[in-house]
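Working notes, structure below.
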Amino acid sequence: MNLRKASRKRSVHAMLVYTGGCNGCEIEVLNALFSPYYDVEQYRVMFTFNPREADVLVVTGPITVRTLPQLKAIYENMPEPKAVVAVGACANMGGIYVNVFGDLGPSEQIAGPLEKILPVDAKAAGCAPRPEDVIKAVASVIPKLVEAKR
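Heads up, the sequence shown stops at 151 in our numbering, and the numbers go up one at a time, no gaps.
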């Protein structure tokens, strides 16, 4: 077994993708996953900027038309097994950036909620979600990844 396969089998690598919005969810994700207070690295959940190393794609912000091609490319470059976590109201339903009142319909700049674009395995609701909710969502996909890596 080569070093890459061995390290991937024994840890989970999370990649954060920000698709627009106010940055509130990114702050909570970074607080939840990578601050000394919560310290998920002790459980072998690592942070990566490389989609070829990522097991979990953590998406925040409304999925804009402009970021849609890059988001799909990142997802397709991730190796199997992979999981997607939608964090915050914007990723889950468009948040405040979608007009849900009247006959105007959704904004022309919002491609839709993440689950209509990529298969979502877990969600962390809120605007912005609490760090504990982000950890719970990421932790909920780990059994699926570990089982598939065997």
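Glycine residues also receive a C-beta, built at the ideal position from the N, C-alpha and C atoms.
Next on the checklist: Let me make sure I understand the geometry here. Which of Val139, Glu133 and Ala92 has the alpha-carbon closest to that of Glu116?
Outcome noted: Ala92
Item to check | Burial state of Thr20, where buried means 16 or more other Cβ atoms lie within 10 Å | outcome: Per the 10 Å Cβ criterion, buried.
Checklist entry - Who are Tyr19's beta bridge partners in DSSP? => result Thr61
Checklist entry - What did DSSP end up calling Lys124 once you bin it into helix, strand or coil? => result strand
Item to check | Cα-Cα separation, Arg151 to Glu27 | outcome: 31 Å
Next on the checklist: Given a cut-off of 8 Å on the beta-carbon distance, is the pair Ala15 and Phe50 in contact?
Outcome noted: no
Next on the checklist: In whole angstroms, give me the CA-to-CA distance for Asp40 and Gly127.
Outcome noted: 22 Å
Checklist entry - Is there a Cβ from chain C that is less than 8 Å from the Cβ of Ala33? => result No chain C appears in this structure, which consists of one protein chain only.
Next on the checklist: DSSP has Ile111 in a bridge; who is on the other side?
Outcome noted: Thr65
Next on the checklist: Suppose the cutoff is 7 Å on Cβ atoms and the five residues either side in sequence are ignored; what does the same chain contact list for Val45 look like?
Outcome noted: Sequence check: residue 45 is Arg here, not Val. These residues qualify, in order along the chain: Arg11, Ser12 and Val13.
Item to check | Rounded separation between Phe102 and Asn24 - CA only | outcome: Model confidence at Phe102 stands at a pLDDT of 44, short of 50, so the residue's coordinates are unreliable; what they give is reported in the following sentence. Rounded to whole angstroms, Phe102 to Asn24 spans 24 Å at the Cα level.
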